[in-house]
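Trainee: Sharing a structure, written as structure tokens. Questions coming.
Number of protein chains: 2
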Amino acid sequence: MVHVDPVAVVVGGLALMLLAAKLGGELAIRVKQPAVLGELIAGILLGNLSFGGVAPFHALAENEPIEVIAGLGALILLFEVGLESTVGQMLKVGLTSLLVAILGVVLPFALGWAVSAWLMPGASAYVHAFIGATLTATSVGITARVLQDLGASRSPEARIILGAAVIDDVLGLVILGAVSGAIAAAAAGTPFSAWSVARITATALVFVVGALVIGVYAAPRLFSVASLLNGRGVLVAVSLSLCFALAWTASLIGLAPIVGAFAAGLVLEDMHFKDFVSRGERSLEELIRPISDLLVPIFFVLMGLRTDLGAFASGGSLELAAALIVVAIIGKQACALGVTKPGVNRLAVGIGMIPRGEVGLIFAGVGAGLTLDGVPVIGPSTFSAVVLMVIVTTLVTPPALKWSLERANMSPRSKVQL
Amino acid sequence: MVHVDPVAVVVGGLALMLLAAKLGGELAIRVKQPAVLGELIAGILLGNLSFGGVAPFHALAENEPIEVIAGLGALILLFEVGLESTVGQMLKVGLTSLLVAILGVVLPFALGWAVSAWLMPGASAYVHAFIGATLTATSVGITARVLQDLGASRSPEARIILGAAVIDDVLGLVILGAVSGAIAAAAAGTPFSAWSVARITATALVFVVGALVIGVYAAPRLFSVASLLNGRGVLVAVSLSLCFALAWTASLIGLAPIVGAFAAGLVLEDMHFKDFVSRGERSLEELIRPISDLLVPIFFVLMGLRTDLGAFASGGSLELAAALIVVAIIGKQACALGVTKPGVNRLAVGIGMIPRGEVGLIFAGVGAGLTLDGVPVIGPSTFSAVVLMVIVTTLVTPPALKWSLERANMSPRSKVQL
Numbered sequence: 008m009v010h011v012d013p014v015a016v017v018v019g020g021l022a023l024m025l026l027a028a029k030l031g032g033e034l035a036i037r038v039k040q041p042a043v044l045g046e047l048i049a050g051i052l053l054g055n056l057s058f059g060g061v062a063p064f065h066a067l068a069e070n071e072p073i074e075v076i077a078g079l080g081a082l083i084l085l086f087e088v089g090l091e092s093t094v095g096q097m098l099k100v101g102l103t104s105l106l107v108a109i110l111g112v113v114l115p116f117a118l119g120w121a122v123s124a125w126l127m128p129g130a131s132a133y134v135h136a137f138i139g140a141t142l143t144a145t146s147v148g149i150t151a152r153v154l155q156d157l158g159a160s161r162s163p164e165a166r167i168i169l170g171a172a173v174i175d176d177v178l179g180l181v182i183l184g185a186v187s188g189a190i191a192a193a194a195a196g197t198p199f200s201a202w203s204v205a206r207i208t209a210t211a212l213v214f215v216v217g218a219l220v221i222g223v224y225a226a227p228r229l230f231s232v233a234s235l236l237n238g239r240g241v242l243v244a245v246s247l248s249l250c251f252a253l254a255w256t257a258s259l260i261g262l263a264p265i266v267g268a269f270a271a272g273l274v275l276e277d278m279h280f281k282d283f284v285s286r287g288e289r290s291l292e293e294l295i296r297p298i299s300d301l302l303v304p305i306f307f308v309l310m311g312l313r314t315d316l317g318a319f320a321s322g323g324s325l326e327l328a329a330a331l332i333v334v335a336i337i338g339k340q341a342c343a344l345g346v347t348k349p350g351v352n353r354l355a356v357g358i359g360m361i362p363r364g365e366v367g368l369i370f371a372g373v374g375a376g377l378t379l380d381g382v383p384v385i386g387p388s389t390f391s392a393v394v395l396m397v398i399v400t401t402l403v404t405p406p407a408l409k410w411s412l413e414r415a416n417m418s419p420r421s422k423v424q425l
Numbered sequence: 008m009v010h011v012d013p014v015a016v017v018v019g020g021l022a023l024m025l026l027a028a029k030l031g032g033e034l035a036i037r038v039k040q041p042a043v044l045g046e047l048i049a050g051i052l053l054g055n056l057s058f059g060g061v062a063p064f065h066a067l068a069e070n071e072p073i074e075v076i077a078g079l080g081a082l083i084l085l086f087e088v089g090l091e092s093t094v095g096q097m098l099k100v101g102l103t104s105l106l107v108a109i110l111g112v113v114l115p116f117a118l119g120w121a122v123s124a125w126l127m128p129g130a131s132a133y134v135h136a137f138i139g140a141t142l143t144a145t146s147v148g149i150t151a152r153v154l155q156d157l158g159a160s161r162s163p164e165a166r167i168i169l170g171a172a173v174i175d176d177v178l179g180l181v182i183l184g185a186v187s188g189a190i191a192a193a194a195a196g197t198p199f200s201a202w203s204v205a206r207i208t209a210t211a212l213v214f215v216v217g218a219l220v221i222g223v224y225a226a227p228r229l230f231s232v233a234s235l236l237n238g239r240g241v242l243v244a245v246s247l248s249l250c251f252a253l254a255w256t257a258s259l260i261g262l263a264p265i266v267g268a269f270a271a272g273l274v275l276e277d278m279h280f281k282d283f284v285s286r287g288e289r290s291l292e293e294l295i296r297p298i299s300d301l302l303v304p305i306f307f308v309l310m311g312l313r314t315d316l317g318a319f320a321s322g323g324s325l326e327l328a329a330a331l332i333v334v335a336i337i338g339k340q341a342c343a344l345g346v347t348k349p350g351v352n353r354l355a356v357g358i359g360m361i362p363r364g365e366v367g368l369i370f371a372g373v374g375a376g377l378t379l380d381g382v383p384v385i386g387p388s389t390f391s392a393v394v395l396m397v398i399v400t401t402l403v404t405p406p407a408l409k410w411s412l413e414r415a416n417m418s419p420r421s422k423v424q425l
């Protein structure tokens, strides 16, 4: 090598990963699936491509700068998803969404724990809890995208699903914080205690609620000040500084950085940027979009790259994957019980909550990065089972949701009414 | 630390660097200087901040993922600058710009070599050549921005300066390729020979010309195919894949990755994206802008962070800095001799070519990353002198250019005429 430039290695990988993401995404779209599914599968193919025992692209899965760039992608995605909702909307979705969300978190968590305890009796309770946690969070992005594709994004079912998905994202993140905090305490030699879990849960709740309350108060003032700045790219830089600073703070108190990124997205509202937009700048969502288009596919392709298809060869992993898929789908059907409003298509709500997507993968990624007694909490074979669960739950949702909505014979009028 | 997450460390640094960039940029703009100057100075302040001997932010200067993210910023900047010109415009600027460009490369290179040989008689010829190279390339971005601020971006002087700046960017990049290639050959034990320099120069020219010729032919076809893709963010992903792939190829044959990024920007034209724009998407320049707003300031702040003010304490470095500043300014005045067209403000052309900005820093950064006999080609003290040269040439240009244009008493009419 002539240049000892770490940038060169990374850009070669990024060029390949971006192209693979677009080709995979395109194929997925052509068969009426979300693009994210194709990105994952493209990554799986790249990572498992092997010529005479040499996997040429496997090294990308272990390149630290690429891992960090993909991690920024996950932050940007959660920030972007957070931007799509406001704290006010979350408070307004009311009892139905809250009930749907709680049922959609409690049952999958319990079922995931049970499946893990059943199939991996030797593993610690932390592993069971982590697997339960990966089953909790509905993918807001995938659900919203599917409803949009079906032209049903303003239906009552859509509102309930999206509201609940937002709430159970937060609940899931709190669970992730509690579980991973408990693991860290155990790794540091502190014994497992309900007290430590309660304390960590409280810290997580205090952070999320605190970030939201302070954020709602501070964000308009921050952007009033920022709008006085004259340079180029102030809106992007200040918003992402807030996102990164909250992500860093979350991590500092033991939460996953994505908790902070999501909270930052929630507290920011279009209203805060009116000074920027009125002087001809683009809205924050439009500005974040190209950044997300660059970084987010890197995250999904990397997740695919890390999926070791060889791990499926061992029967245990496939058994785990199959069991996780079943409880992931069944668990979310409990959500339908939370719908007390008459005339709402309960089946569609249950199905709409199925896709786990990015959040489940992020949870599994956090678990893969945590070690307990020198062993990763989520090992390669468990990780692959989670990825398979994400792939299948993502794959079944679009056709199933379409079927459930058409089955109820919703007229276009009834969609527009609400 | 609860989470062993490399992403958390990086996002903390990025939040700080982005805020520092915006505050520094704002202060620079308030005193009518380009924002990039404030970003550099903000980085210098952060990197040299010290409490009782502890520099809290100095570690950011050595974080590899941040280095890679900053490196992506440099690529995106050169890609963006390349996008602002087309291959056709470069061919059209004609003899005047070419003459101005050649004079603006040859004389600063020779003077830089002479100053280096004079003040550092013990250093190898490679060091002299590298310092000469850092003086060659005019900063297209800074020049264009200053002319725009002065409302003179359509004047004949502006056209000549911008055309010449584009050409001498390419010439400078070829020189960088030749010089760093020669150093790599020497590091590998190959003796220094005019033949190896000629071969590397030829390789560099073949790459640049080849990338441009193939790119001009292939780009429209690439984007016709890409426009058939349905997913979100296709334009961003395909364009940046091309940018990253050419950067990687450039590095593979021994050139700096930025050569490829710049070539990718040059071959892409708005025309190629008409299928995307006609279906309501933003133009590529608009899409790249937020990405650049995020990544480019990281590059400049990191460059500042790496500037060791302590290095200035040694007399030699300040002497070198002063000498480099003098030859950087004088060297570019030779450009005026290339202007044969009557009625053109030759003084303004010479002054407009002064700012070195990002390209000089990128060159110095490449030199800092190259080692010869275990010693970096551009050591910390030389690097600081180059940064000081960049700061001063950037700082003197706006007032001097304003003065030279007003001195010639250009009326608003004469600006619009051309």
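Going down the list, the protein sequences come from chains A and B. Residues in the first sequence are numbered consecutively from 8, following the working numbering. Residues in the second sequence are numbered consecutively from 8, following the working numbering. Backbone N, C-alpha and C define an ideal beta-carbon position, used for all residues, glycine too. Quick caveat: nothing in here was measured; it's all calculated off a predicted structure.
What in chain A is Cβ-close to residue 251 of chain B, meaning under 9 angstroms?
Mentor: Neighbours of residue 251 of chain B on chain A, chain order: 17, 18, 19, 20, 21, 22, 23 and 25.
Trainee: Please work out which residues of its chain come closer than 7 angstroms, Cβ to Cβ, to residue 49 of chain A, disregarding the five sequence neighbours upstream and downstream, and give them in chain order.
Mentor: Cβ neighbours of residue 49 of chain A beyond the five flanking positions: 27, 28, 30, 31, 308 and 311.
Trainee: To which residues does DSSP link residue 210 of chain B through a beta bridge?
Mentor: Per DSSP, none; premise fails for residue 210 of chain B.
Trainee: Name the two residues that bound the continuous alpha helix (DSSP H) containing residue 250 of chain A.
Mentor: Here the alpha helix (DSSP H) through residue 250 of chain A covers 241 to 259.
Trainee: Quick one: what's got a C-beta closer than 7 angstroms to residue 44 of chain B's C-beta in the same chain, skipping five residues either side?
Mentor: Within the same chain, residue 44 of chain B has close Cβ partners 35, 398, 401 and 402.
Trainee: Against chain B, does residue 217 of chain A count as a neighbour if the rule is that its beta carbon must be under 8 angstroms from one of theirs?
Mentor: It does not: the Cβ of residue 217 of chain A has no partner Cβ on chain B nearer than 8 angstroms.
Trainee: Please name the residue or residues paired with residue 58 of chain B in a DSSP beta bridge.
Mentor: Answer is B:61, bridged to residue 58 of chain B.
Trainee: Is residue 347 of chain B helix, strand or coil when you go by DSSP?
Mentor: The answer is coil: DSSP assigns residue 347 of chain B none of H, G, I, E or B.
Trainee: Thinking C-alpha only, which one of B:284, B:258, B:324 and B:378 is nearest residue 17 of chain A?
Mentor: Nearest C-alpha to residue 17 of chain A: B:258.
Trainee: Between the alpha carbons of residue 421 of chain B and residue 162 of chain B, how many angstroms are there, rounded?
Mentor: Because the pLDDT of residue 421 of chain B is 43, which lies under 50, any placement of that residue in the model is unreliable, and the number read from its coordinates should be weighed accordingly. Residue 421 of chain B and residue 162 of chain B: Cα-Cα distance of roughly 8 angstroms.
Trainee: Is it true that the CB of residue 359 of chain B sits closer than 8 angstroms to the CB of residue 51 of chain B?
Mentor: Result no, Cβ atoms of residue 51 of chain B and residue 359 of chain B do not sit closer than 8 angstroms.
Trainee: Take residue 389 of chain A and list the residues in its own chain whose beta-carbon comes closer than 6 angstroms to its own, dropping the five residues that flank it on each side.
Mentor: Result list for residue 389 of chain A: empty, nothing under 6 angstroms.
Trainee: Give the straight-line distance between the Cα atoms of residue 220 of chain A and residue 289 of chain A, rounded to the nearest whole angstrom.
Mentor: If you take the alpha carbons of residue 220 of chain A and residue 289 of chain A, they lie about 27 angstroms apart.
Trainee: Where DSSP assigns a beta bridge to residue 378 of chain A, which residues make up the other side?
Mentor: Answer by DSSP bridge pairing, in chain order: A:383.
Trainee: Touch check for the region 274 to 289 of chain A and the region 373 to 381 of chain A: three-plus C-beta pairs under 8 angstroms?
Mentor: The region 274 to 289 of chain A, when compared against the region 373 to 381 of chain A, does not touch it at the 8 angstroms Cβ threshold.
Trainee: What number of angstroms, rounded off, separates the C-alpha of residue 137 of chain B from the C-alpha of residue 113 of chain B?
Mentor: Their backbone Cα atoms lie some 13 angstroms apart in a straight line.
Trainee: Label residue 232 of chain B either buried or exposed according to how many other C-beta atoms from any shown protein chain fall within 10 Å of its C-beta, with 16 as the threshold for buried.
Mentor: By the neighbour-count rule (16 or more Cβ atoms within 10 Å), residue 232 of chain B is not buried but exposed.
Trainee: Along the region 362 to 396 of chain A, what residues have a CB closer than 8 angstroms to any CB found in chain B?
Mentor: Listed by position along the chain: 373, 376, 377 and 378.
Trainee: Here's a check: name, in chain order, each residue in its chain whose Cβ is nearer than 8 angstroms to the Cβ of residue 68 of chain A, leaving out the five neighbours to either side.
Mentor: Only 54, 309, 312 and 313 meet the Cβ criterion.
Trainee: If you count every other CB in all the chains shown that lies within 10 Å of the CB of residue 6 of chain A, and 16 or more means buried, which is it?
Mentor: Here chain A covers residues 8 to 425 and nothing more, so residue 6 of chain A does not appear.
Trainee: Spatial neighbours of residue 6 of chain B within its chain, please: CB distance less than 6 angstroms, with the 5 preceding and 5 following residues excluded, ordered by chain position.
Mentor: Past the edges of chain B, shown from 8 to 425, lies residue 6 of chain B, and the structure says nothing about it.
Trainee: Mapping DSSP to helix, strand and coil, what is residue 144 of chain B?
Mentor: Residue 144 of chain B falls in the coil class under three-state DSSP.
Trainee: Assuming the contact rule is C-beta atoms closer than 8 angstroms, residue 144 of chain A and residue 179 of chain A should be a hit. Round their C-beta distance to whole Å, please.
Mentor: That pair is a contact at about 3 angstroms.
Trainee: Go ahead and pull the three-state DSSP assignment for residue 414 of chain B.
Mentor: Of the three classes helix, strand and coil, the one that applies to residue 414 of chain B here is helix, per DSSP.
Trainee: Does chain A have any CB closer than 8 angstroms to the CB of residue 32 of chain B?
Mentor: Closer than 8 angstroms to some Cβ of chain A, the Cβ of residue 32 of chain B qualifies, so yes.
Trainee: What first and last residue would you give for the alpha helix (DSSP H) that runs through residue 236 of chain A?
Mentor: Looking at the DSSP string, residue 236 of chain A is not in any alpha helix (DSSP H), and its letter there is neither H nor E.
Trainee: Evaluate the contact criterion for the region 260 to 272 of chain A versus the region 81 to 97 of chain A: three or more CB pairs, one atom per stretch, below 8 angstroms.
Mentor: The answer is yes - the region 81 to 97 of chain A touches the region 260 to 272 of chain A, with three or more Cβ pairs under 8 angstroms.
Trainee: Taking the C-alpha atoms as reference points, what is the distance between residue 418 of chain A and residue 331 of chain A?
Mentor: At residue 418 of chain A the pLDDT is 45, less than 50, meaning the model places this residue with poor confidence and gives no usable figure here.
Trainee: Where do the ends of the alpha helix (DSSP H) carrying residue 309 of chain B lie?
Mentor: Taken as a continuous stretch (DSSP letters only), the alpha helix (DSSP H) holding residue 309 of chain B covers 291 to 312.
Trainee: Would you mind reading off the limits of the alpha helix (DSSP H) that contains residue 285 of chain B?
Mentor: Its alpha helix (DSSP H) spans residues 281 to 285.
Trainee: Starting from residue 37 of chain A and walking both ways along the alpha helix (DSSP H), at which residues does that stretch end?
Mentor: 13 to 37 is the span of the alpha helix (DSSP H), which, as asked, contains residue 37 of chain A.
Trainee: Using a Cβ cut-off of 7 angstroms, pull out every chain B residue sitting near residue 286 of chain A, in sequence order please.
Mentor: By Cβ distance, chain B contributes nothing, its closest Cβ being about 15 angstroms from residue 286 of chain A, past 7 angstroms.
Trainee: Cβ atoms of residue 23 of chain B and residue 64 of chain B: under 8 angstroms apart, would you say?
Mentor: Yes, the Cβ-Cβ distance between residue 64 of chain B and residue 23 of chain B is below 8 angstroms.
Trainee: I'd like to know whether the C-beta atoms of residue 355 of chain A and residue 392 of chain A end up nearer to each other than 8 angstroms.
Mentor: No; because the gap between Cβ atoms is not below 8 angstroms, this pair is not in contact.
Trainee: Tell me which residues share the same chain as residue 315 of chain A and place their Cβ nearer than 7 angstroms to its Cβ, disregarding the 5 neighbours each side in the sequence.
Mentor: Answer for residue 315 of chain A: 387 and 391, listed in chain order.
Trainee: Let me confirm a value: residue 216 of chain B is counted as buried when at least 16 other C-beta atoms fall within 10 Å, else exposed. Which label applies?
Mentor: When all chains shown are included, residue 216 of chain B counts as exposed.
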